[in-house]
Structures are given as structure tokens and as C-alpha cells.
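Asks: Numbered by this note's numbering, the letters in the sequence shown go through residues 12 to 500 in order. This is the structure I want to talk about, given as C-alpha cells.
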Amino acid sequence: MQKAKTIGELKKSLYKGVSVRDEMRANLLRKLAVGEPLFSGIIGFDDSVIPQIANAILSRHNFILLGLRGQAKSRILRSLVTLLDDSIPFLAGCEINDDPLKPLCRACHERLAEMGDDAPLDYLRPEDRYVEKLATPDVTIADIIGDLDPIKAARGGHALSSELTIHYGLLPRANRGIFAINELPDLAGKIQVGLFNIMQEGDVQIKGYPVRLPLDVALVFTANPEDYTARGKIITPLKDRIGSEIRTHYPATLEHAMAITAQEAWTERNGSSKLVIPQFIKEIVESIAFEARQEKRVDKRSGVSQRVPITCLENVVSSAEYRAVKNHEDKTVPRPCDIYTAMPSLTGKVELEYEGEMRGADSVVRDIIRQATARIFKKYYDDVSLHSIVQWFELGGTLKYSPNASAEELNGQFKKIQGLLEQTQRLGIKAKDDPTLLAAGAEFILEGLAALRRISRNEEMGYYVERPRGESPSEQTSPVATHRRRSLN
Ligand SMILES: [Zn+2]
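Now the structure itself:
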């Protein structure tokens with residue numbers, strides 16, 4: 012159907028303007044009826060957050076998402092545009108997207124008086140109808156609602172109090188769309204009052220002049236739950252006008268979390284060598300976030316964002332890429348050591364409690380990686396005896412290599428440890444497989460044993476087993492020597 016180009020044409024069509032919240036409701040109902048996913052790309056919220064958002068929209072509520080950082084709150088709000096119509100008409104030239112049949116602004120009224128049915132129309136796409144603002148304490152009424160513009164007044168010969176002299180802020184510009192304010196509690200009290208007045212009556216005061224703007228806007232917000240519930244952070248009448256409070260959460264299962272990370276992390280790169288990320292690497296990286304969220308030295312109120320595993324995995328892949336290119340390997344396979352190399356992607360993202368601050372982010376993050384490794388290692392090897400491997404170290408064997416050593420070099424060393432390479436079968440790796448995968452699997456076993464403290468590892472020594480006091484390593488460099496000595500005791 013041809014889109015109407017003028018008011019006159021529009022009047023002859025079937026068009027009747029609906030409010031944005033009715034429009035969202037109608038589109039939501041249609042999606043539900045045909046079984047279309049409501050918000051694509053939002054993982055792990057199907058049984059919790061999404062039904063609550065759907066209810067809020069069906070109820071035509073303004074709503075707020077309460078959650079810690081990195082819980083996809085902004086992403087959910089942005090995806091609300093999928094509930095808007097493909098295209099809606101507005102009066103061409105209007106700064107606040109006026110409905111052609113029910114214009115609010117004075118400029119449109121004047122244009123209609125002048126041009127009548129010939130007044131031209133323009134169209135808005137869904138993405139034009141989403142306005143987002145991060146609340147900070149320095150956001151002003153002028154930013155959000157508007158200001159009187161003396162220059163506009165002088166130029167047009169209008170009184171300063173005339174509506175024609177308003178320079179509109181973000182909220183009027185979101186008219187007939189969605190206005191999202193992130194971190195609502197950071198908004199100054201008087202702006203909250205302004206928002207409330209708009210929501211309540213469509214009335215605001217700009218520099219003391221009352222302005223009537225019955226805007227049609229779906230207001231959505233986000234906040235950290237603790238800030239939102241703190242007394243005095245949100246003015247009560249505003250809270251009262253927010254129809255639904257919806258709690259978000261971190262992914263409940265490792266599987267959901269890994270699916271999110273797989274979707275968000277930049278891993279498909281156009282490098283010269285083929286990337287293969289072993290499953291256990293993905294699992295450890297993901298477990299880091301789970302462990303960090305339980306770690307008592309990490310600040311619970313601030314949370315551990317899903318961006319932690321996402322950026323970590325990106326760095327892990329880069330570290331493996333670096334090594335593969337340096338060693339001219341045709342496969343890029345991340346190994347557990349790459350997770351430690353990825354620490355710069357982690358240390359800045361966890362807020363520490365006092366005790367953690369004292370120990371330093373580096374040390375806390377190392378502990379967390381070790382816990383994550385132990386958790387995943389137990390998943391694969393809990394019921395397997397790895398005694399022969401541990402014994403090799405107990406008998407004085409040590410293993411040290413550079414994180415950038417080639418797979419070939421590693422496998423040469425790993426071969427000396429009886430049973431080590433064979434045990435990678437548990438991980439679905441076979442000895443005849445690619446040597447890079449084999450090296451990654453064997454290193455995972457050593458890292459797992461180190462994480463469970465059955466063997467030790469540090470920067471200077473590599474993998475080893477602590478000897479009793481008085482025994483200097485120089486006396487017994489070979490396992491045989493250790494063995495002899497022990498059997499004499
Ligand atoms: Zn207008």
C-alpha cells in the first residue's frame with residue numbers, strides 16, 4: 012500500500028493513531044500468538060525476566076529493570092524496538108514527531124492552519140523512536156525536558172514564554188517512542204520531579220513557565236537494586252508511577268552463560284590459522300564469572316558482569332593466536348596458560364572488598380582462575396586415578412616451559428610423564444589428533460592437578476612437587492635419584 016504523503020491522503024487511509032504503549036501491546040500479542048521469540052538474542056531469561064516484561068507491556072506499564080551490572084539490562088531495553096511498527100507517519104519537520112492527526116506542538120498547529128490537508132508527512136522507523144540516556148548527577152532539566160531559547164525567540168519575534176521558543180530536550184524528542192534512562196537513581200531529584208509531572212499530567216515547567224506537553228512515551232529505566240531501594244534516591248511519587256519493577260539476574264547455568272559468551276565474544280577472526288577452542292577452556296572461562304560471584308573478597312553489591320567471561324575469552328583466543336602465528340602452527344588452540352595471560356581482561360572488572368584490596372586484584376583473580384579450573388577439572392576427572400602423573404612429580408620430576416612454547420615442544424616434554432597424554436582421551440582428544448589439541452588437553456590435566464594442589468606450579472619452577480625441608484633440588488634432579496633416596500628413608 013502506498014504511504015500517504017500528505018495529511019489529506021492520510022485522512023482517506025485507514026490510519027488512526029494509537030499510543031505507543033498500545034502499539035507495543037498489540038505487537039507483543041501478535042508475536043505471542045504466532046510463537047515468535049519476543050526478544051531475540053536474550054539468553055537465559057525465558058522463564059524469569061521475559062514473562063515479567065511481557066506482563067508489564069501488556070499492562071501498558073512504564074517499568075524498571077533492577078539488576079547488577081552486565082545483566083543485559085540495556086540490551087533488553089534496546090530490543091523493545093522490535094515491538095514497534097515498521098513505520099509510522101508524523102508531520103514533516105516536527106521536532107517531537109507529532110501524530111499528524113493529533114499534533115501537540117505549536118509549530119505543527121501553525122503549519123496545519125497554513126497548509127491544511129496539503130501539509131506533508133514523513134515516516135519514522137522503529138530505531139528512530141528509541142532514545143536512551145545514561146543518568147548522571149549533572150543531567151539537567153534542559154537535557155531531559157527542554158529549555159527556552161532566547162535566540163529562537165528573538166529571531167521569530169516570539170515572547171519568551173511562547174511554546175515556539177522551546178528547545179526540546181530528549182524526552183519530548185522521544186515522543187511516540189521509547190525513552191530509556193539507565194541508572195535512574197543517579198538522576199537529580201528535581202529532574203525526577205520533572206519526569207513525574209510529565210508522566211502524571213503532561214505538564215512541566217521550564218524556567219518557571221508552565222508548558223503543557225501531553226507526550227506519548229513509553230518510559231523504561233534501569234537501576235542497581237541497592238541504589239533503587241536506598242531511601243531518598245528516588246522520589247516516592249516517581250516510584251509510584253513506575254508500573255512494574257523487574258529483577259534481572261546473571262545466567263543461572265553454565266550452559267546459558269556459555270551461550271551468551273559464544274554469542275557476544277569476538278572469536279571468529281580472519282587469521283591465517285584455524286581456531287579451535289576446546290570445550291574445557293570455554294567452561295573454565297565461564298566458571299571464572301561464577302566463582303567470582305561467590306568469592307567473598309569480591310564486592311557483591313557491584314556484581315561480576317557477563318562481560319568478564321566475554322572479554323576474557325577474547326583475550327584467551329588472542330593469546331593463542333599470538334602463539335600459533337609465532338610458531339607457524341596451522342591451528343590456534345587456546346591452552347589453560349592463556350587464561351592467565353588474559354588476566355588484564357579480568358582484574359579491572361571485579362570490585363574488591365577490603366580484604367581483596369589488601370591482597371591485590373592480581374592475587375585474587377589468580378585464586379579465582381584456580382578455583383574455576385578445579386571445578387571444571389573435577390567435572391572431567393573426578394573418578395579417574397591420575398596417580399602415575401602425580402607420582403612422576405613426587406619422584407622429583409619437574410616441567411617448565413614458556414607459555415609461547417609450540418605444541419610440539421610441549422608434547423615432547425609431556426611424553427616423559429607416563430599416562431599424561433593418554434588421559435586426554437577423557438576430553439575427547441585422541442593422541443593421533445592435532446598436536447595442538449593434545450598439548451592443550453595435557454596442560455589442562457597439569458593445571459587441574461595444580462588447582463587441586465596435588466602438584467604445584469609457579470613462575471620460576473613450572474610444575475613440581477614440594478619436597479620436605481632440607482632436601483635441595485640439586486641433589487636429586489632425576490626421578491630415579493629421588494626414588495632411591497626416599498626408599499632409603
Ligand atoms: Zn509538532
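Using N, Cα and C, we set each Cβ at its ideal position, and we do this for glycine too.
Considering only the beta carbon of each residue, do ASP154 and GLY188 sit closer than 8 Å?
Replies: Start at 1 with the first residue of the sequence shown, and residue 154 comes out as number 143. Start at 1 with the first residue of the sequence shown, and residue 188 comes out as number 177. Cβ atoms of ASP154 and GLY188: not closer than 8 Å.
Asks: Per DSSP, LYS285 forms a beta bridge with which residues?
Replies: What you label residue 285 is simply residue 274 of the sequence shown in a count that begins at 1. For LYS285, which the question treats as bridged, DSSP gives the partners LYS342.
Asks: Of the choices GLN429, ASP394, ILE18, whose alpha-carbon is the least far from that of PHE404?
Replies: Mapped onto the sequence shown, residue 404 falls at position 393. Considering only alpha carbons, the answer is GLN429.
Asks: Compute the beta-carbon to beta-carbon distance between ALA303 and VAL361, rounded to the nearest angstrom, for a pair I have assumed lies under 8 Å.
Replies: For this step, residue 303 is matched to residue 292 along the sequence shown. For this step, residue 361 is matched to residue 350 along the sequence shown. At roughly 6 Å, the Cβ-Cβ gap stays under 8 Å, so ALA303 and VAL361 are in contact.
Asks: Beta-carbon separation of GLN305 and TYR261 under 8 Å?
Replies: For the purposes of this step, residue 305 is identified with residue 294 of the sequence shown, where counting begins at 1. For the purposes of this step, residue 261 is identified with residue 250 of the sequence shown, where counting begins at 1. No.
Asks: Using the Cβ count rule (16 or more neighbours within 10 Å means buried), how would you classify ARG369?
Replies: The residue you call residue 369 lines up with position 358 of the sequence shown. Here residue 369 is Met; the residue named in the question, Arg, does not match the sequence. The residue is exposed, with fewer than 16 neighbouring Cβ atoms inside 10 Å.
Asks: Can you tell me which of the three DSSP states HIS178 falls into?
Replies: As a position in the sequence shown, residue 178 is number 167, starting the count at 1. Three-state DSSP puts HIS178 in a strand.
Asks: Give a yes or no on whether the C-beta atoms belonging to ALA462 and PHE388 are separated by under 8 Å.
Replies: Walking along the sequence shown from the start, residue 462 turns up at place 451. Walking along the sequence shown from the start, residue 388 turns up at place 377. Cβ distance < 8 Å, so ALA462 and PHE388 count as in contact.
Asks: Assuming MET472 and THR409 are in contact, meaning their beta carbons sit under 8 Å apart, how far apart are those beta carbons, in whole angstroms?
Replies: Residue mapping note: residue 472 aligns to position 461 of the sequence shown, counting from 1. Residue mapping note: residue 409 aligns to position 398 of the sequence shown, counting from 1. The pair is a contact, with the Cβ atoms about 6 Å apart (cut-off 8 Å).
Asks: Less than 8 Å between the beta carbons of PHE5 and PRO347, yes or no?
Replies: The chain is shown only over 12 to 500; residue 5 falls outside these bounds and no answer can be derived.
Asks: For ASN500, which residues from the same chain have a beta carbon less than 8 Å from its beta carbon, with the 5 sequence-adjacent residues on both sides left out?
Replies: In the sequence shown, residue 500 corresponds to position 489, counting from 1. Any reading at ASN500 must be qualified, since the residue scores a pLDDT of 34, below 50, and its modelled position is unreliable; no value is offered.
Asks: Is ALA124 near ligand 1, judged by its Cβ being under 7 Å from some heavy atom?
Replies: On the sequence shown, position 113 is the one that residue 124 refers to. No, Cβ of ALA124 sits at least 7 Å from all heavy atoms of ligand 1.
Asks: In chain order, what residues of the same chain lie with their CB nearer than 7 Å to the CB of VAL491, ignoring the 5 residues before and after it?
Replies: Within the sequence shown, numbered from 1, the residue matching residue 491 stands at position 480. The predicted model places VAL491 with a pLDDT of 44, which falls under 50 and marks its position as unreliable, so this point remains unresolved.
Asks: For ligand 1, I want to know if LEU102 counts as a neighbour, meaning its beta carbon is within less than 7 Å of at least one of the ligand's heavy atoms.
Replies: The sequence position of residue 102 within the sequence shown is 91, counting from 1. Flag set: Cβ of LEU102 near ligand 1.
Asks: Keeping to the same chain, check which residues put their C-beta closer than 6 Å to that of ILE18; ignore five residues upstream and five downstream.
Replies: Taking the first residue of the sequence shown as position 1, residue 18 is located at position 7. So the qualifying residues of the chain are PRO111, ASP128, ALA130.
Asks: Looking at the structure shown, is SER24 part of a helix, part of a strand, or coil, going by DSSP?
Replies: Locating residue 24 in the sequence shown gives position 13, where the first residue counts as 1. SER24: coil per DSSP, three-state reduction.
Asks: Which same chain residues, not among the five before or five after VAL376, have their C-beta less than 6 Å away from its C-beta?
Replies: Working through the sequence shown from its first residue, we reach residue 376 at position 365. Only MET354, LEU357, THR358 meet the Cβ criterion.
Asks: Around the C-beta of LYS113, are 16 or more other C-beta atoms found within 10 angstroms, so that it is buried, or is it exposed?
Replies: Taking the sequence shown and counting its residues from 1, the one referred to as residue 113 is at position 102. Exposed, by the Cβ-count rule.
Asks: Let's test the definition: count the other Cβ atoms within 10 Å of the Cβ of ARG166 and tell me whether it reaches 16, buried, or not, exposed.
Replies: Here residue 166 refers to the residue found at position 155 when the sequence shown is read from its first residue. That one is exposed.
Asks: Answer yes or no: the CB of ALA118 versus the heavy atoms of ligand 1, is any distance below 7 Å?
Replies: For the purposes of this step, residue 118 is taken as the residue at position 107 of the sequence shown. Correct: ALA118 has its Cβ closer than 7 Å to ligand 1.
Asks: Can you round the beta-carbon distance between THR259 and ALA83 to whole angstroms, since I take them to be within the 8 Å contact cut?
Replies: Here residue 259 refers to the residue found at position 248 when the sequence shown is read from its first residue. Here residue 83 refers to the residue found at position 72 when the sequence shown is read from its first residue. Right, the Cβ-Cβ distance comes to about 7 Å (below 8 Å), so this counts as a contact.
Asks: Whole angstroms are fine: how far does the CA of GLN436 sit from the CA of SER489?
Replies: As a first step, residue 489 is located in the sequence shown; it is residue number 478 there, counting from the start. As a first step, residue 436 is located in the sequence shown; it is residue number 425 there, counting from the start. Bear in mind that the predicted position of SER489 carries a pLDDT of just 44, short of 50, making it unreliable; the figure below should be weighed with that in mind. Going from the Cα of SER489 to the Cα of GLN436 covers about 28 Å.
Asks: Are the region 243-259 and the region 193-203 in contact at 8 Å, needing three or more beta carbon pairs?
Replies: Counting Cβ pairs under 8 Å, three or more are found: they touch.
Asks: Kindly indicate which three-state DSSP category VAL296 falls into: helix, strand or coil?
Replies: The residue labelled residue 296 in the question sits at position 285 within the sequence shown. Helix at VAL296.
Asks: Any Cβ of chain D within less than 8 Å of the Cβ of ASP251?
Replies: Protein chains in the displayed structure number just one, and chain D is not present.
Asks: Pair every Cβ in the region 99-106 with every Cβ in the region 36-44, then say whether three or more of these pairs are closer than 8 Å.
Replies: Flag = no, the region 99-106 and the region 36-44 do not touch.
Asks: Whose C-alpha, out of LEU363, PRO236, LYS218, ARG386, is nearest the C-alpha of VAL296?
Replies: As a first step, residue 296 must be located in the sequence shown, where it is residue number 285. Checking every option, the nearest Cα to that of VAL296 belongs to ARG386.
Asks: Check whether the Cβ atoms of LEU88 and ALA191 sit closer than 8 Å, and answer yes or no.
Replies: Here the question's residue 88 lines up with position 77 in the sequence shown. Here the question's residue 191 lines up with position 180 in the sequence shown. Yes, these two residues count as a Cβ contact at 8 Å.
Asks: Out of LEU49, ARG80, SER24, point me to the one whose CA is closest to VAL315's CA.
Replies: On the sequence shown, position 304 is the one that residue 315 refers to. Ranking the options by Cα distance to VAL315, first place goes to ARG80.
Asks: For PRO221, does the three-state DSSP call read helix, strand or coil?
Replies: Working through the sequence shown from its first residue, we reach residue 221 at position 210. Of the three classes helix, strand and coil, the one that applies to PRO221 here is strand, per DSSP.
Asks: I need the DSSP call for GLU106, collapsed to helix, strand or coil.
Replies: For the purposes of this step, residue 106 is taken as residue 95 along the sequence shown, with counting starting at 1. Note: GLU106 maps to coil in three-state DSSP.
Asks: If you count every other CB in all the chains shown that lies within 10 Å of the CB of LEU25, and 16 or more means buried, which is it?
Replies: Numbered from its first residue, the sequence shown carries residue 25 at position 14. It is exposed - the Cβ of LEU25 has fewer than 16 other Cβ atoms within 10 Å.
Asks: Going by the CB atoms, is the gap between GLU279 and ILE75 shorter than 8 Å?
Replies: Stepping through the sequence shown from its first residue, residue 75 is reached at position 64. Stepping through the sequence shown from its first residue, residue 279 is reached at position 268. Contact: no.
Asks: Which residue wins for smallest C-alpha separation from LEU224, given the options ASN208, TYR141, LEU230?
Replies: For the purposes of this step, residue 224 is identified with residue 213 of the sequence shown, where counting begins at 1. Out of ASN208, TYR141, LEU230, ASN208 has the C-alpha closest to the C-alpha of LEU224.
Asks: Taking only the alpha-carbon atoms, compute the straight-line gap between ILE68 and MET35 and give it to the nearest angstrom.
Replies: Here residue 68 refers to the residue found at position 57 of the sequence shown. Here residue 35 refers to the residue found at position 24 of the sequence shown. Rounded to the nearest angstrom, the two C-alpha atoms are 7 Å apart.
Asks: Among VAL287, ASN469, ILE54, PHE291, which one has its Cα closest to the Cα of LEU438?
Replies: Mapped onto the sequence shown, residue 438 falls at position 427. Cα-wise, what sits closest to LEU438 is PHE291.
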